[in-house]
């Protein structure tokens, strides 16, 4: 550090990036060393290398600089040094890496699909005694009901085994005992669930079961019957 | 642990569990968009039920758990992953060892 030189510039960012240039911006250092800042030097480094290159020959005054001469598709980090008549500051902290790519190419690369890959299946044996099947959830409630969906909420059970529990939601047309699992494939992790695909004009009851790796538990108490019709599609009063 | 016995399907390792114990199948899957997973036994899809748990664990592995294994749980288990870019599978052979009391 040179006595009388400025502090390091702050908050180096890339404002805009494409394949031809990256616009780097920064904030002036907190201390100027007692001498006015004459300008800045911008350095770049290709990610994966340790070679820093100075981008501008003479200091720039404006706190924003377009860096050119980048190789398309490569990623770079940037840092900035401030200059006054006493000398050059220490370099700033480096920017986040940015790729020299047009925005459309960046989006395409990001969303480019890749075919699945499956690893070797490993089978392990577990002692049944280790797992405790969770008990039923409690306080199951319909917290929102419209003609398009019903939102249920409940509390986790007391008896839950060692691990995280997940839930299966079941529905049934009121008056029947024909319970159908709503989320057939994947148990839900949070203690609330929105049920869609309800037939307008029908009346439904709901119940929830817990599961963990030890098994699926007994169902909760069923809700009161909820009639699916237009009258439900009324917004709640504010504050409720 | 992997069995040294003959493999019944080329490329499918064999594992043995004891009757009455749980068998946990663990498979890591990658792909974009996130693949859909189907577990099958001897060509038949497995659905979640009292003895079959199907879930994704916290580390991102896809898990099939067969509870209280019986001799009829023996067979070829296949995990098929598919997305818009393609499909692939991994297979494993499960053997269930029965305990016979000796007098």
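Residue numbers (the working numbering), protein chains in the order written: chain A, 1 to 240; chain B, 1001 to 1103.
Ideal Cβ placement from N, Cα and C applies to all residues, glycine included.
Cβ shell of residue i (< 7 Å), same chain only, five flanking positions each side left out
i	result
residue 1024 of chain B	1063, 1065
residue 1099 of chain B	1018, 1019
residue 19 of chain A	72, 100, 101, 102
residue 1061 of chain B	1026, 1027, 1028
residue 1038 of chain B	1045, 1080
Expected contact under 8 Å - CB spacing of residue i and residue j to nearest Å
i	j	result
residue 208 of chain A	residue 137 of chain A	5 Å
residue 1077 of chain B	residue 1092 of chain B	5 Å
residue 118 of chain A	residue 1081 of chain B	5 Å
residue 66 of chain A	residue 83 of chain A	With a Cβ gap of about 19 Å, residue 66 of chain A and residue 83 of chain A do not count as contacting.
residue 186 of chain A	residue 1026 of chain B	With 8 Å as the limit, residue 186 of chain A and residue 1026 of chain B do not qualify as a contact, their Cβ atoms being about 17 Å apart.
residue 14 of chain A	residue 78 of chain A	7 Å
residue 95 of chain A	residue 188 of chain A	With 8 Å as the limit, residue 95 of chain A and residue 188 of chain A do not qualify as a contact, their Cβ atoms being about 41 Å apart.
Per-residue contacts from residue i into chain B (C-beta, under 7 Å)
i	result
residue 45 of chain A	Neighbours of residue 45 of chain A on chain B: none; closest Cβ ~29 Å, over 7 Å.
Residue i: first and last residue of the uninterrupted beta strand (DSSP E) it sits in
i	result
residue 1081 of chain B	1075-1083
residue 44 of chain A	39-46
residue 155 of chain A	150-155
residue 242 of chain A	Outside the shown range of chain A (1 to 240) lies residue 242 of chain A, about which nothing can therefore be said.
residue 1094 of chain B	1086-1097
residue 81 of chain A	75-84
residue 212 of chain A	203-212
residue 54 of chain A	52-54
residue 1051 of chain B	Residue 1051 of chain B -> no beta strand (DSSP E), and no H or E assigned at all.
residue 168 of chain A	166-173
residue 21 of chain A	Taken as a continuous stretch (DSSP letters only), residue 21 of chain A belongs to no beta strand (DSSP E), as it is neither H nor E.
Residue of the options minimising C-alpha distance to residue i
i	options	result
residue 26 of chain A	A/18, A/39, A/33, A/176	A/39
residue 221 of chain A	A/199, A/170, A/62	A/170
residue 116 of chain A	B/1018, B/1033, B/1072	B/1033
residue 4 of chain A	A/34, A/124, A/122	A/34
residue 29 of chain A	A/23, A/22, A/10, A/41	A/10
residue 218 of chain A	A/167, A/201, A/12	A/167
residue 176 of chain A	A/86, A/190, A/202	A/202
residue 200 of chain A	A/148, A/182, A/180, A/179	A/148
residue 1014 of chain B	A/140, A/113, A/111, A/123	A/123
residue 1049 of chain B	A/216, A/57, A/224	A/216
residue 54 of chain A	A/173, A/91, A/180	A/91
residue 1087 of chain B	A/80, A/106, A/224, A/114	A/114
Under 7 Å from the C-beta of residue i: neighbouring residues of chain A
i	result
residue 1023 of chain B	123, 125
residue 1046 of chain B	Going along chain A, no residue has its Cβ under 7 Å from residue 1046 of chain B, so there is no contact; the nearest lies around 11 Å.
residue 1035 of chain B	116
Neighbouring residues, chain B, relative to residue i (Cβ below 9 Å)
i	result
residue 210 of chain A	Under the 9 Å cutoff, chain B gives no residues; its nearest Cβ is about 12 Å from residue 210 of chain A.
residue 120 of chain A	1013, 1027, 1028, 1090, 1092
residue 103 of chain A	Correct list: empty, because the minimum Cβ distance to chain B is about 19 Å.
residue 113 of chain A	1031, 1032, 1033, 1083, 1084, 1085, 1086
Own chain residues within Cβ distance below 6 Å of residue i, not counting five before or after
i	result
residue 64 of chain A	25
residue 1031 of chain B	1083
residue 192 of chain A	153
residue 52 of chain A	43, 45
residue 85 of chain A	35
residue 1041 of chain B	1075, 1077
Contacts that residue i makes with chain A (C-beta to C-beta distance below 8 Å)
i	result
residue 1020 of chain B	128
residue 1067 of chain B	128, 214, 215
Under 9 Å from the C-beta of residue i: neighbouring residues of chain A
i	result
residue 1094 of chain B	123
residue 1053 of chain B	187, 211, 212, 213, 214, 215, 216
Neighbouring residues, chain B, relative to residue i (Cβ below 8 Å)
i	result
residue 117 of chain A	1029, 1030, 1031, 1081, 1088
residue 157 of chain A	Near residue 157 of chain A there are no residues of chain B at all, since even the closest Cβ is about 17 Å away, more than 8 Å.
Proximal residues to residue i (C-beta, below 8 Å), its chain only, five neighbours per side dropped
i	result
residue 150 of chain A	142, 144, 194, 195, 198, 204, 206, 226, 228
residue 165 of chain A	134, 156, 157, 210, 211, 212
residue 1011 of chain B	1091
residue 74 of chain A	46, 47, 99, 100
residue 1068 of chain B	1020, 1021, 1022, 1051
residue 87 of chain A	2, 4, 5
Residue interval of the alpha helix (DSSP H) (run including residue i)
i	result
residue 110 of chain A	103-111
Residue-level contact to chain C via CB, residue i, 8 Å cutoff
i	result
residue 169 of chain A	In summary, chain C is missing from the structure at hand, where the protein chains are A and B.
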